[in-house]
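Following: one structure in structure tokens, then a few remarks.
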Amino acid sequence: MKRLIALPFRKSLEIAFQSIRVRFFRSLVTTMSLVLAVAFLCYMQTCDDFAQGMLASGDVAAYEILVQAGYDVVPGGANIATSAKQRWIVILSLLVCIVGIINAQLMSVTERFREIGTMKCLGALDRFIVRLFVLEALMQGLAGSITGALLGMLTAAVSSTITLGTGAVATVSWPAVGYSLLLAIVTGTGLSLIGVIYPAIIAARMQPVEAMRVDQ
Amino acid sequence: MTGKTIVRVSGVTKDFDLGKIVVKVLKGIDLEIEEGKYLSIMGPSGSGKSTLFNMIGGLDKPTTGKVFIDEVDIAQLDAYELAWLRCRKIGYIFQTFNLIPVMTALENVTLPMTFAGMSNDDAVEHGMDLLKQVGLEGRHAHKPTELSGGQQQRVAVARALANSPAIVLADEPTGNLDLKTGEDIIDLLKELSSNRNVTVISATHDYKMLNVSDQVIWIRDGRVDKIQERSELEIRTGGLE
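Residue numbers (our numbering), protein chains in the order written: chain A, 1 to 216; chain B, 1001 to 1241.
Right, dumping it as structure tokens:
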């Protein structure tokens, strides 16, 4: 007899999705920190894209505007230099975001310990539990990153138009903006996945006997 | 009446190491449980009743001694086989019902069937059938929070029976229910045990359970105090502590 326990991928997706939907508010809070961090990352990147577009146009007036807007442009240079300080701020915000995600996911595991224990009593393997948590994180990560990236890009477009004038929109390289968007989405989803690893392992290692405990 | 032995516990002891002191919870238990029996494990709190119960359910491993389910030593099983055992051989019923809150009654019942590899259509059909058997026809789309305690426990009973297990383990199944609802659940379990030849093992201190039990195992201070058959019990009715 084949003694195999199975959880089809579609069913896992269904369970993960339902889990997010039912705990919508909680998921929203978890996702919010990601939205903000990704929006910030994307904003920084896209702002640079707009400035880069202006610089690449080779216009002298455009150069003046960039200098006035506070960009570090080397005369005759072809690239906008991102300052080290700026990069650190972005990295820091992403770090804070990861810590926030780990914290939220750990709480979610604690809240659901009975549910996880019960699933194990019903025959769930450790990896089903990991898979459910990873899928949830993936969905939250994608939703949060896409929202954040779009938010960041729109804000960058509006603020660049204000500081750099309408010329910024005309000269910007849209593939570069698209690349920045993609980068922000991939980074955000990656962060969400990194954040869930430790909580998911804790959840998977939980003993089924926990489900029997009466006190909450 | 000698049926097939489904659970055999031999020389089981269990120590819990609490750092400074080691608590000996079980001090050598030998038991044989026959197939199709309705069995109650009784004992005061702290007697090791729950620990023994968890051993039989494969949820905990003994310090020394062996637990055999269907003549298989469960200490020898790997994680996959243990999961298979929990999924197919044993049905669990908990004091706190433990339904998955995000799922409907039907989804709760079909989850173990999905784990067992049953197709979705078959699982839904079988799940509806089980819900009907426990008297919850038409409530399949309700979430656990939309059901009363007794109804939730009925869903749990249906879920425990999902993969037609040989053993149903019930940990204080009536502990969180009122008198009448508790009786209903006991009757339901008894009915299922005799109709399906399922071995029902329940840890309890609910005396209502005694009336339907074929056998009562009294645990006291980590040892089997006495094992009473039903006939012996009836003589003593009214004289229970």
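Note that beta-carbon positions come from the ideal geometry of N, C-alpha and C, so glycine has one too.
Remember, it's a predicted structure, so these values are computed and weren't measured experimentally.
Item	Value
Presumed contact (8 Å Cβ cut-off) between Leu1059/B and Val209/A, rounded CB distance	4 Å
Status (buried if at least 16 other CB within 10 Å, exposed otherwise) for Arg114/A	buried
Meets three-Cβ-pair contact criterion under 8 Å: the segment 148-162 of chain A and the segment 36-46 of chain A	yes
Beta carbon proximity, Pro175/A to chain B, threshold 9 Å	no
Contacts around Val1009/B, its chain only, beta-carbon distance under 6 Å, and the 5 residues preceding and following it disregarded	Ile1029, Leu1031 and Val1067
Which of helix, strand or coil DSSP assigns to Met1/A	Any reading at Met1/A needs caution, since the residue's pLDDT is 48, under 50, leaving its predicted position unreliable; the model's value is listed next. Here Met1/A sits in coil by DSSP.
Alpha-carbon spacing of Phe148/A relative to Val158/A, whole angstroms	Going by the sequence as given, residue 148/A is Gly instead of Phe. Roughly 15 Å between the two C-alpha positions.
Through-space distance from Met44/A to Val1109/B, alpha-carbon basis	50 Å
Proximal chain E residues relative to Val209/A, where beta-carbon distance stays under 7 Å	Within the model displayed, chain E is absent; protein chains A and B are what it includes.
Option nearest Ala176/A by Cα separation, candidates Arg21/A, Thr46/A and Ser27/A	Thr46/A
Contacting positions in the segment 17-31 of chain A - beta carbon closer than 7 Å to chain B	Gln18, Ser19 and Val22
Coarse secondary structure for Lys1004/B, derived from DSSP in three states	coil
Where Lys85/A meets chain B, residues with beta-carbon distance less than 9 Å	In chain order: nothing, as chain B lies at least about 45 Å away.
Interface flag, Gly1182/B vs chain A, CB-CB below 9 Å	no
Three-way DSSP call (helix, strand, coil) for Ala1166/B in this model	coil
Distance CB(Ser222/A)-CB(Ile101/A) smaller than 9 Å	Residue 222/A is absent from the model: chain A starts at 1 and stops at 216.
Beta-bridge partners of Arg1220/B, as assigned by DSSP	Arg1223/B
Other residues of its chain near Ile1186/B: CB distance less than 7 Å, five sequence neighbours each side excluded	Thr1174, Lys1208, Met1209 and Val1212
Reduced DSSP category for Ile1201/B - H, G, I as helix; E, B as strand; rest coil	strand
Contact set between Thr189/A and chain B, taken where Cβ atoms lie within less than 9 Å	Neighbours of Thr189/A on chain B: none; closest Cβ ~23 Å, over 9 Å.
Residues that Leu13/A contacts on chain B, provided the C-beta gap is smaller than 9 Å	Residues of chain B passing the Cβ test: none, with the nearest at roughly 13 Å.
CA nearest to the CA of Arg1196/B, picked from Gln1133/B, Thr1145/B, Thr1104/B and Asp1121/B	Gln1133/B
Cβ pair Arg26/A, Ala104/A closer than 9 Å	yes
Cβ-based contacts, 7 Å cut-off: residues of the segment 1008-1030 of chain B near chain A	none
Interface flag, Ile194/A vs chain B, CB-CB below 9 Å	no
Chain A within 9 Å of Tyr1080/B, Cβ atoms only	yes
C-beta neighbour in chain A for Asn1195/B, strict 9 Å	no
Residues of the segment 1101-1125 of chain B whose Cβ lies closer than 9 Å to any Cβ of chain A, in chain order	Pro1101, Val1102, Met1103, Glu1107, Leu1111, Pro1112, Thr1114, Phe1115, Ala1116, Gly1117 and Asn1120
C-beta contact flag for Ile1033/B and Leu1026/B at 9 Å	no
At least 3 beta-carbon pairs within less than 8 Å: the segment 1196-1206 of chain B vs the segment 1151-1169 of chain B	yes
Pairwise C-alpha distance: Lys1014/B and Asp1221/B	12 Å
C-beta neighbour in chain A for Met1001/B, strict 9 Å	Bear in mind that a pLDDT of 48 at Met1001/B, under 50, signals an unreliable position, so the number given afterwards is only what the model happens to contain. So no, Met1001/B is outside the interface.
The segment 1084-1101 of chain B touching the segment 1145-1157 of chain B, judged by at least three CB pairs closer than 8 Å	yes
Contacts that Phe1068/B makes with chain A (C-beta to C-beta distance below 9 Å)	Here the premise fails: no neighbours, minimum Cβ distance about 17 Å.
The ligand HEM heavy atom lying under 8 Å from the CB of Ala61/A	Here there are no bound small molecules, and the ligand HEM is not part of this structure.
Beta-ladder partner(s) of Gly1091/B, from DSSP	Val1168/B
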